[in-house]
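So the sequence lines, in the order shown, correspond to chains S and C. For the numbering used here, count along the first sequence from 1 and bump the result up by 261. For the numbering used here, count along the second sequence from 1 and bump the result up by 898. We put the beta carbon where it would ideally sit given N, CA and C, even for glycine. What you are looking at is a predicted structure, and each value in this text was computed from that prediction instead of being measured. Below you'll find the structure, written out as structure tokens, and then a few comments.
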Amino acid sequence: MTKKRGDTSVKKIRIFFHSIEEAFKSVFRNASLSIASISCIAITLILVAVSVILSYNVNSFTSDIEKDVTIVAFLDKEVTQEQIDEIKTKIANLDNIATIEFESKQQLIDEMKEENADLENILNQYTEETNPLQDTYLVKVENIETIGKTAEEIENIEGVSIVKYGEGMVEDLVNVFDVVKNITYIVVIGLVLVTAFLISNTIKITIQTRKRQIEIMRLVGASNSFIKIPFFFEGLLLGALGSIIPIVACCYGYMYLYERFNGQLFTPIIKLVNPDLIIFNIIIFVITIGVVVGALGSYRAVRRYLKI
Amino acid sequence: MNLIELKNVYKQYSNGVTALCDVSLEIAKGEFVFVIGKTASGKSSLIKLLYRQEKPSKGGVFVGGINVAKLKNRKVYKLRRKLGIVFQDYKLLPNLTVYENVAFALEIYGLRSDEVRRKVMKALEKVGLKEKFKSYPDQLSGGEQQRVSIARAIVNEPKILICDEPTGNLDPKTSLEIMEIINKINEEGTTVIMATHDKEIVNKYRKRVITIEKGILVNDKEKGGYFSEKD
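Structure representation (structure tokens):
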């Protein structure tokens, strides 16, 4: 009994390896159709990879901009050092605070002098006591969508006179960025679906030509899973082979562009995402889509021929 | 015990054509049975029921202890593993060699490769094609291709060999050669059911003959001949 069970599992293992072997053989045996499938997979995956790279960059650009948005809290003129420290603690205790930076009115005046030589002469007339500027706290928030609420809370703190953060413009920016991000997600998802459809259709055509083989397999007593598994591996293999070109082309292409443009697109404001940070993710993403869609597409396509 | 049993079998296709009407028959182990009838008489439908290419509309079909009428699609392989099937059009894969075409039927069992080799060569020897195991189907004559398909059908030593007009595409001399091989397989103990048009073969071998006409079993005769009802 045990021996019989052992024999069965040895046979199952043999059948499993046989399936993989068949998948490889079949890719070579049906070379022209395999090349057609691989090309189709490659072309659609290039589109997917490009859109993923774009979406990474759009995301990084928008979050860079969002990170730069600062709340400036002007303090009352006659605040004492003690009050200044107290205000900082109060701000720090609020929700949604990322960083707090103090800038004294003297620092401000020095900065202005540095920036503009003409102003320097005028500003030199002021002493520390007569300085018309106010001490400020520069506050960056964690979530830009609730910046308005945070600004209001800061304004309510005693000793804070005015709060500015680019009201109106920031909200518009957030809305526009949300739309842009959503569009990139939709494009990526749409492309993945189109890829899935194209790949499974190509594989369907490949399988159609092997209807006879499937029919004969059924007639000689092959179980459905015995027939399906090699096709599953074959699809997987085609998907993997089809993702090589997109990966190589997009990764090297992007690295080249990054180098060529010194990591920015036209202006320093639009920074490109460092390829080192995203290439691994893109490789995994593209291979996964190729392999999963290839394997499932092929598995599904063969099913319709198993009804006889 | 009967290896094959049909009980009041009806077969109606979805287009309304009735192919078989109240057919009952029994075939014992080791028998050789010719199924004859004109084109569209229903004999092909009868053969197809035996290997579950078609399901009966009504009635029971039992093959090797399996109730074919109730067999689920995904369990069909269990029936087919008990059978060897030979077709008029050989159904060989053109991109596989003779050896691979025969070994194809053994792959499903997960046998060791030396076992596969032994069985395939034995089957090819039986049909007299041992020398041509490396050839491709298109390098063979029709008769040789049919022999490959017979080798594939018997490689797993099935209890039942079903032949659907195996000599339909062959000249009389080659047909007799093929018939000789099938007859030999039967003599070694395999039950054979063979649908045919070939008058000469049926009359020469004098086996049990079942005649189907317009879906009705009109004659079942031991050592019968073609249209033996008129004898």
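Rounded straight-line distance, which links the Cα of residue j to that of residue i
i: F932(C); j: D1062(C); result: 10 Å
i: M262(S); j: K980(C); result: Interpretation of M262(S) is limited by its pLDDT of 49, a score under 50 that renders its predicted location unreliable; no figure is taken from the coordinates.
i: E375(S); j: Y387(S); result: 15 Å
i: V449(S); j: R471(S); result: 33 Å
i: L1022(C); j: E1029(C); result: 9 Å
i: V435(S); j: Y517(S); result: 31 Å
i: V961(C); j: V552(S); result: 42 Å
i: E432(S); j: E327(S); result: 11 Å
i: K489(S); j: K273(S); result: 15 Å
i: K1128(C); j: K1024(C); result: Confidence at K1128(C) is low in this model, with a pLDDT of 46, below 50, so the placement of that residue is unreliable and no value is reported for it.
i: K401(S); j: I361(S); result: 7 Å
i: V421(S); j: E390(S); result: 19 Å
i: I383(S); j: R521(S); result: 45 Å
i: S955(C); j: G963(C); result: 20 Å
i: K1082(C); j: A284(S); result: 38 Å
i: G427(S); j: I405(S); result: 12 Å
i: S1126(C); j: S461(S); result: Here the model assigns S1126(C) a pLDDT of 48, short of 50, so the residue's position is not dependable, and the following value carries that caveat. Roughly 55 Å separates the two Cα atoms.
i: E998(C); j: G1008(C); result: 15 Å
i: L901(C); j: S295(S); result: 45 Å
i: L839(C); j: A483(S); result: No information on residue 839(C) is available, as it lies outside the stretch 899 to 1129 that chain C covers here.
i: P1070(C); j: A562(S); result: 42 Å
i: V996(C); j: I545(S); result: 43 Å
Beta-carbon proximity check, residue i vs residue j, cutoff 8 Å
i: G1122(C); j: L918(C); result: no
i: V984(C); j: I1048(C); result: yes
i: I1076(C); j: R1045(C); result: yes
i: T323(S); j: V440(S); result: no
i: V1053(C); j: L1004(C); result: yes
i: K909(C); j: S922(C); result: no
i: A457(S); j: G558(S); result: yes
i: I345(S); j: L355(S); result: no
i: F547(S); j: V309(S); result: Reading off the sequence shown, one finds Val at residue 547(S), where the question assumed Phe. Taking 8 Å as the Cβ cut-off, V547(S) and V309(S) qualify as a contacting pair.
i: V288(S); j: L454(S); result: no
i: I475(S); j: Y560(S); result: no
i: T1065(C); j: T1094(C); result: yes
i: L459(S); j: T305(S); result: yes
i: K465(S); j: D325(S); result: no
i: R1106(C); j: K1119(C); result: yes
i: L394(S); j: I423(S); result: no
i: G1040(C); j: L1068(C); result: yes
i: E1111(C); j: S939(C); result: yes
i: A334(S); j: I408(S); result: no
i: V1014(C); j: G957(C); result: no
i: K568(S); j: N971(C); result: yes
Beta-carbon separation (whole angstroms), residue i vs residue j, contact threshold 8 Å
i: L947(C); j: V966(C); result: 7 Å
i: V311(S); j: C511(S); result: 6 Å
i: G597(S); j: G555(S); result: Look at the range of chain S in this structure, 262 to 569, and you will see that residue 597(S) is not part of it.
i: I314(S); j: G503(S); result: Rounded, the Cβ-Cβ distance is 18 Å, inconsistent with contact.
i: I348(S); j: A412(S); result: Contact doesn't hold; Cβ gap of about 14 Å is too wide.
i: R1050(C); j: V1000(C); result: 5 Å
i: T549(S); j: S298(S); result: Wrong, their Cβ atoms sit about 18 Å apart, outside the cutoff.
Which of helix, strand or coil DSSP assigns to residue i
i: A854(C); result: There is simply no residue 854(C) to check, as chain C begins at 899 and stops at 1129 in what is shown.
i: F527(S); result: coil
i: S1126(C); result: For S1126(C), the pLDDT reaches just 48, beneath the cut-off of 50, and the residue's location in the model is therefore unreliable, leaving the point undetermined.
i: M262(S); result: Because M262(S) sits at a pLDDT of 49, beneath the cut-off of 50, its placement in the model cannot be relied upon, and the following sentence gives the value as read from the coordinates. The answer is coil: DSSP assigns M262(S) none of H, G, I, E or B.
i: Y398(S); result: strand
i: Y446(S); result: helix
i: Y949(C); result: coil
i: E929(C); result: coil
i: K568(S); result: coil
i: K338(S); result: coil
i: L908(C); result: Inspection of the sequence shows that residue 908(C) is occupied by Tyr rather than by Leu. In this structure, Y908(C) counts as strand in the three-state DSSP scheme.
i: G958(C); result: strand
i: E1075(C); result: helix
i: F363(S); result: strand
i: I1006(C); result: coil
i: K532(S); result: strand
i: I307(S); result: helix
i: A483(S); result: coil
Residues that residue i bridges to, as DSSP identifies them
i: F985(C); result: D1062(C)
i: A1093(C); result: V933(C) and D1062(C)
i: I423(S); result: F335(S)
i: E1111(C); result: I1114(C)
i: L923(C); result: L904(C)
i: N965(C); result: F960(C)
i: T916(C); result: Q910(C)
i: K1119(C); result: V1107(C)
i: I358(S); result: V402(S)
**OP:** Could you name the residues of the segment 994-1020 of chain C whose beta carbon sits closer than 8 Å to any beta carbon of chain D, in the order they occur along the chain?
**Re:** Absent here is chain D; the protein component of the structure consists of chains S and C.
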